[in-house]
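Asker:
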Amino acid sequence: MTLINWTPETQRAFTREPLVFTQTVADNELFSEEALIALIDRYPRDSVEVFTMGYEPTIFGEWYLGRKTASDGTELDGRALMDAVKAGRLWLNLRRVNHADPAVGALCDAIFKEVAEKTGTHNLKTDLGLLISSPNAHVVYHLDMPMVMLWQIRGVKTVYLYPADAGFFTDRQIEGIALRESDENLPYEAAFDRQAMIHDLKPGEMLTWPQNAPHRIVNGNMVNVSLSIEFMTPRALWRANVIYANGLLRRLFGLNPSLASSPKLLEPFKVVFARLYKMATGGFKGHKSPLKPAFSLDPARPGTIIYDDGVKPFTRQPAKKATKKAA
Numbered sequence: 024m025t026l027i028n029w030t031p032e033t034q035r036a037f038t039r040e041p042l043v044f045t046q047t048v049a050d051n052e053l054f055s056e057e058a059l060i061a062l063i064d065r066y067p068r069d070s071v072e073v074f075t076m077g078y079e080p081t082i083f084g085e086w087y088l089g090r091k092t093a094s095d096g097t098e099l100d101g102r103a104l105m106d107a108v109k110a111g112r113l114w115l116n117l118r119r120v121n122h123a124d125p126a127v128g129a130l131c132d133a134i135f136k137e138v139a140e141k142t143g144t145h146n147l148k149t150d151l152g153l154l155i156s157s158p159n160a161h162v163v164y165h166l167d168m169p170m171v172m173l174w175q176i177r178g179v180k181t182v183y184l185y186p187a188d189a190g191f192f193t194d195r196q197i198e199g200i201a202l203r204e205s206d207e208n209l210p211y212e213a214a215f216d217r218q219a220m221i222h223d224l225k226p227g228e229m230l231t232w233p234q235n236a237p238h239r240i241v242n243g244n245m246v247n248v249s250l251s252i253e254f255m256t257p258r259a260l261w262r263a264n265v266i267y268a269n270g271l272l273r274r275l276f277g278l279n280p281s282l283a284s285s286p287k288l289l290e291p292f293k294v295v296f297a298r299l300y301k302m303a304t305g306g307f308k309g310h311k312s313p314l315k316p317a318f319s320l321d322p323a324r325p326g327t328i329i330y331d332d333g334v335k336p337f338t339r340q341p342a343k344k345a346t347k348k349a350a
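All letters in the sequence shown, in the order written, are residues 24 to 350 by the working numbering.
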């Protein structure tokens, strides 16, 4: 039994084009509500990430990291976190679950075995992340360095997917992500939507796209459960190393390389340069500041966010009143 419904066309276009598949993973008992609560409880506590966000999905930078505890330091268990997600404005992220849970790991292995059999791709660095998010929550415009498959388990989310070329980000911006001197978020312009693929991702669907394609996500008015599966193919890893090398050449030597127009014959030298630099130095030491927790949760009032002193709360902006035109 296959996990993904393939056609000859999607087998050929996998990783090269935006593709929507139907899939059977959404029916797996691993992702029933009680199973998810149990998974949260046995997942490494320090690795659970809780975020909240502003109310406008196109505004850059309104994103806070929170604690998995109440303001008095009491730990929230899986059920309390699930209740908070249902009632609040939260995005719960469990990264690399396949490395922490044997059952999820076996499922992830089965997915990539099927992908390899159907497409002939050799998949590297496979990571399955579990996303549990509140009604109407969102993720702003950003791009990922690895390849991504987004599997929808519960709820509906609208995915805005943009072309993976420099018209939607600059060379310096994507290099900053590769060098880890900035996070994945990017400045957004409303005009980008004219070229976006917009899809309402439903339970039992999976969406994948070319490497580095920017995207943003807006949940429907219901709890969403998704699997964000990241991986690298040899070609994707090559591209990531070229971007990394371009960033080094710009920052260390003042050069101005271009991902789109630099000569392809230089790429092998860039890949070797990037790998040698990582081996010799441990990687580029950028100026990215780690996110610090900015809020706690109240288990007695699920979904209530208790902001730290000095943290500006996110508030919904009042709707603008229509003005009457003079006669």
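Beta carbons: idealized from backbone N, C-alpha and C, even for Gly.
#1: Are there three or more Cβ pairs, one per stretch, closer than 8 Å when the stretch 60-67 is compared with the stretch 314-324?
#2: Thinking C-beta only, is residue 46 closer than 8 Å to residue 228?
#3: Taking residue 175 as the reference, give the member of 77, 190, 27 and 208 with the closest Cα.
#4: For a minimum of 4 consecutive residues, which ranges assigned as the alpha helix (DSSP H) are wholly contained in the stretch 272-343?
#5: Do you know offhand how far residue 287's Cα is from residue 320's?
#6: By a C-beta neighbour count over all protein chains shown, 10 Å radius and 16 as the cutoff for buried, is residue 354 buried or exposed?
#7: By how many angstroms is the C-alpha of residue 157 removed from the C-alpha of residue 242?
#8: List in chain order: all unbroken alpha helix (DSSP H) runs of 4+ residues lying wholly within the stretch 90-177.
#9: If you follow the alpha helix (DSSP H) that residue 181 is in, where does it begin and where does it stop?
#10: Rounding to the nearest angstrom, what Cα-Cα distance links residue 80 and residue 162 in this structure?
#11: Measure the alpha-carbon distance for residue 113 versus residue 84 and round it to whole angstroms.
#12: Quick check: the stretch 140-150 against the stretch 247-254, are there 3 or more CB pairs under 8 Å?
#13: Should residue 24 go down as buried or exposed, given a rule of 16 or more other Cβ atoms within 10 Å for buried?
#14: Taking DSSP as the reference, what is the three-state secondary structure of residue 33?
#15: In the structure shown, what three-state DSSP assignment does residue 39 receive?
#16: Quick check: residue 9 and residue 234, are their CB atoms within less than 8 Å of each other?
#17: Got a sec, what are the start and stop residues for the alpha helix (DSSP H) residue 27 sits in?
#18: Between the C-alpha atoms of residue 350 and residue 340, what's the straight-line distance to the nearest angstrom?
#19: So which of 75, 325 and 91 has the shortest CA-CA distance to residue 110?
#20: Using DSSP's beta-bridge definition, name the partner residues of residue 223.
#21: Below 7 Å, is the gap between the Cβ of residue 204 and the nearest heavy atom of the ligand FAD?
#22: What residue from 278, 273, 302 and 266 has the CA that sits closest to residue 291's CA?
#23: Answer yes if the stretch 293-303 comes into contact with the stretch 260-280, meaning at least three C-beta pairs across the two stretches below 8 Å, and no otherwise.
#24: Give the straight-line distance between the Cα atoms of residue 159 and residue 177, rounded to the nearest whole angstrom.
#25: Give me, in chain order, the residues of the same chain whose beta-carbon lies closer than 6 Å to that of residue 245; leave out the 5 immediate sequence neighbours on both sides.
#26: Assuming the contact rule is C-beta atoms closer than 8 Å, residue 221 and residue 164 should be a hit. Round their C-beta distance to whole Å, please.
#27: Opposite residue 242 in the DSSP bridges: which residues?
#28: Helix, strand or coil for residue 249 per DSSP?
#29: Below 7 Å CB to CB, which residues in the same chain sit around residue 172 once its five sequence neighbours on both sides are set aside?
#30: For the alpha helix (DSSP H) that residue 366 lies in, which residues bound it at each end?
#31: Expressed to the nearest angstrom, what Euclidean distance is found between the alpha-carbon atoms of residue 189 and residue 95?
#32: Rounding to the nearest angstrom, what Cα-Cα distance links residue 226 and residue 49 in this structure?
Answerer: Straight from the coordinates:
#1: no
#2: yes
#3: 27
#4: 290-304
#5: 51 Å
#6: Residue 354 lies beyond the residue range present for the chain, which begins at 24 and ends at 350; the question has no answer from this structure.
#7: In this structure, the alpha-carbon of residue 242 lies about 8 Å from that of residue 157.
#8: 101-110 and 125-142
#9: Careful: residue 181 lies outside any alpha helix (DSSP H), inside the beta strand (DSSP E) at 180-184.
#10: As the crow flies, the alpha-carbon of residue 80 is around 7 Å from that of residue 162.
#11: If you take the alpha carbons of residue 113 and residue 84, they lie about 15 Å apart.
#12: The stretch 140-150, when compared against the stretch 247-254, does touch it at the 8 Å Cβ threshold.
#13: exposed
#14: helix
#15: coil
#16: As shown, the chain starts at 24 and ends at 350. That puts residue 9 outside it, with no answer to give.
#17: Premise fails: residue 27 is in no alpha helix (DSSP H) and is neither H nor E.
#18: Caution applies to residue 350, whose pLDDT of 41 falls short of 50 and renders its modelled position unreliable; the model cannot decide the point.
#19: Taking residue 110 as reference, the option from 75, 325 and 91 with the minimal CA-CA separation is 325.
#20: Looking at the DSSP assignment, residue 223 forms a beta bridge with 181.
#21: This structure lacks the ligand FAD; in fact it carries no ligand of any kind.
#22: 266
#23: Judged by Cβ distances under 8 Å, the stretch 260-280 makes contact with the stretch 293-303, as three or more pairs qualify.
#24: 14 Å
#25: 158 and 178
#26: Contact flag wrong, Cβ pair sits at about 13 Å.
#27: 180
#28: strand
#29: 229, 231 and 252
#30: No answer is possible for residue 366: the residues shown for the chain start at 24 and end at 350.
#31: 47 Å
#32: 6 Å
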